[in-house]
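Residue numbers (my numbering), protein chains in the order written: chain A, 102 to 115; chain B, 2 to 268.
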C-alpha cells in the first residue's frame with residue numbers, strides 16, 4: 102500500500 | 002471597484018471546465034496585474050493555481066486588491082448557460098455586500114443574464130507557492146495536452162477507476178515516458194516516445210531528463226488534471242521524487258494553470 106501525502110505539507114499559509 | 006470584461010465567454014468557460022470537476026470552491030485574488038485563482042480539493046491532496054494577467058481581459062479595472070471565495074459548482078452552472086460568444090462583465094463594489102456580479106450579454110439578441118455570487122469561505126487557500134528550483138526536478142515532459150488526456154482516459158477505462166486507489170505510474174527515461182496502471186485482471190502500459198525534430202510533428206513530445214524517475218499518482222486526480230487541455234495545446238509535467246509534481250498548461254501569453262500533487266510513496 103502506498104500513502105498519499107497532503108499538498109499542504111509543501112505550501113505554507115499565505 | 003472591480004470591473005472586468007471579456008468579449009468572449011470562451012476563456013472563462015474553459016477555466017471552469019478545467020477546475021470545477023475536482024475543486025468545489027476557489028479563492029479569486031484580483032489585483033492590478035490580473036487574476037490569481039487558487040483552489041484545493043476537499044482532501045487537500047491537489048492544489049490548482051491559475052494566473053490570468055490583466056491583458057487577457059478586454060477591459061480591466063481594479064483600483065484596489067480584492068480577494069473573494071466563490072463556489073465553483075454554482076459558477077459552472079451559470080457559465081453552462083452562457084454561449085461562447087457572450088460578452089461577460091464581472092463587477093464587485095467595496096460596499097461590503099460580499100457579492101460579485103457576473104453579467105452575460107448575447108451579442109445576437111441582446112439578451113442579458115445576471116448572476117450574483119455570494120462570497121464563501123475557501124478551505125485553506127491561498128497558500129504561498131514557492132518556485133521550486135529547476136534542479137530539484139529529475140525529469141520534465143512536454144506533450145500535447147490532448148494526448149495526455151487520451152492516455153488518462155485509456156488508463157481509467159482499463160484501470161479499476163471505481164477503485165479509489167488506482168494509481169498510474171509515470172516513468173521517464175531519456176527516450177520515452179511510460180504510463181502504467183494495474184486493472185483487476187491485468188496491466189496496461191502506454192509508451193510515448195520522444196518525437197525527433199525530424200518528424201516535425203505539429204505538437205512534439207519532448208523529454209528533459211536529469212535522472213530516470215518513476216512515480217505513482219492517483220489516477221482519478223490525473224484525469225481531473227488532464228482537463229487543463231481546454232486551456233492549452235501543450236502540457237508540461239515536472240517530476241521529482243521529493244517535491245509536488247506540477248502539471249502546467251500555459252494559457253497563450255496571458256497566464257497559466259498549474260496543478261500540484263505529491264506522488265504516492267511506499268509505506
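The beta-carbon is built from N, C-alpha and C at its ideal position, and this holds for glycine as well.
Proximity test, Cβ basis, 8 angstroms: residue i and chain A
i: residue 81/B; result: no
i: residue 48/B; result: yes
i: residue 170/B; result: no
i: residue 132/B; result: no
i: residue 57/B; result: no
i: residue 258/B; result: no
i: residue 23/B; result: no
i: residue 244/B; result: yes
i: residue 266/B; result: yes
i: residue 41/B; result: yes
Residue i classed as buried or exposed, judged by whether at least 16 other C-beta atoms fall within 10 angstroms
i: residue 103/A; result: exposed
i: residue 82/B; result: exposed
i: residue 27/B; result: buried
i: residue 197/B; result: exposed
i: residue 145/B; result: buried
i: residue 225/B; result: buried
i: residue 2/B; result: exposed
i: residue 131/B; result: exposed
i: residue 115/B; result: exposed
i: residue 219/B; result: buried
i: residue 87/B; result: buried
i: residue 113/A; result: exposed
i: residue 203/B; result: exposed
i: residue 110/A; result: exposed
i: residue 256/B; result: buried
i: residue 157/B; result: buried
i: residue 231/B; result: buried
i: residue 10/B; result: buried
i: residue 185/B; result: exposed
i: residue 253/B; result: exposed
i: residue 74/B; result: exposed
i: residue 208/B; result: buried
Residue(s) in a DSSP beta bridge with residue i
i: residue 39/B; result: 28/B and 50/B
i: residue 173/B; result: 178/B and 214/B
i: residue 145/B; result: 235/B
i: residue 60/B; result: 6/B
i: residue 117/B; result: 102/B
i: residue 168/B; result: 219/B
i: residue 251/B; result: 257/B
i: residue 160/B; result: DSSP output for residue 160/B lists no bridge partner at all.
i: residue 189/B; result: 182/B
i: residue 140/B; result: 210/B and 240/B
i: residue 224/B; result: Beta-bridge pairing links residue 224/B to no other residue.
i: residue 70/B; result: 28/B
i: residue 93/B; result: 3/B
i: residue 265/B; result: 217/B
i: residue 114/A; result: 128/B
i: residue 88/B; result: 106/B
8 angstroms Cβ cutoff, residue i in contact with chain D
i: residue 263/B; result: Note that chain D does not occur in the displayed structure, where the protein chains are A and B.
Distance cut-off 7 angstroms: residue i Cβ against heavy atoms of the ligand MN
i: residue 186/B; result: With respect to small molecules bound, the structure shown includes none, and the ligand MN cannot be examined in it.
Checklist entry - Is the segment 5-14 of chain B touching the segment 176-192 of chain B in the sense that three or more CB pairs, one from each, lie closer than 8 angstroms? => result The segment 176-192 of chain B is not in contact with the segment 5-14 of chain B.
Checklist entry - Is there contact between the segment 212-223 of chain B and the segment 173-188 of chain B, where contact requires at least three CB pairs shorter than 8 angstroms? => result Counting Cβ pairs under 8 angstroms, three or more are found: they touch.
Item to check | Three or more C-beta pairs below 8 angstroms linking the segment 56-66 of chain B and the segment 140-150 of chain B | outcome: No, the segment 56-66 of chain B does not touch the segment 140-150 of chain B.
Checklist entry - Name the residues in the segment 61-73 of chain B whose C-beta lies less than 7 angstroms from a C-beta of chain A; which are they? => result Taking 7 angstroms as the Cβ-Cβ cut-off, the segment 61-73 of chain B has no residue approaching chain A.
Item to check | Three-pair Cβ contact test at 8 angstroms for the segment 102-111 of chain B versus the segment 119-128 of chain B | outcome: Fewer than three pairs of CB atoms, one per stretch, sit closer than 8 angstroms, so the segment 102-111 of chain B makes no contact with the segment 119-128 of chain B.
Checklist entry - Do the segment 34-41 of chain B and the segment 233-244 of chain B touch if we need at least three Cβ pairs shorter than 8 angstroms? => result No: the two stretches stay apart, fewer than three of their Cβ pairs being nearer than 8 angstroms.
Next on the checklist: To be precise: take each residue of the segment 101-128 of chain B, compare its Cβ to all Cβ atoms of chain A, and keep it if any distance is under 7 angstroms. Which residues remain?
Outcome noted: Taking a C-beta cut-off of 7 angstroms against chain A, the contacting residues of the segment 101-128 of chain B are 125, 127 and 128, listed in chain order.
Checklist entry - Which residues, taken in chain order from the segment 210-225 of chain B, show a beta carbon closer than 7 angstroms to some beta carbon of chain A? => result For the segment 210-225 of chain B, the beta-carbon criterion of a distance under 7 angstroms to any beta-carbon of chain A is satisfied by 217 and 219.
Next on the checklist: Taking 8 angstroms as the cut-off, does the segment 255-268 of chain B touch the segment 42-56 of chain B (at least 3 CB pairs, one atom from each stretch)?
Outcome noted: Note that the segment 42-56 of chain B touches the segment 255-268 of chain B; at least 3 beta-carbon pairs, one per stretch, sit closer than 8 angstroms.
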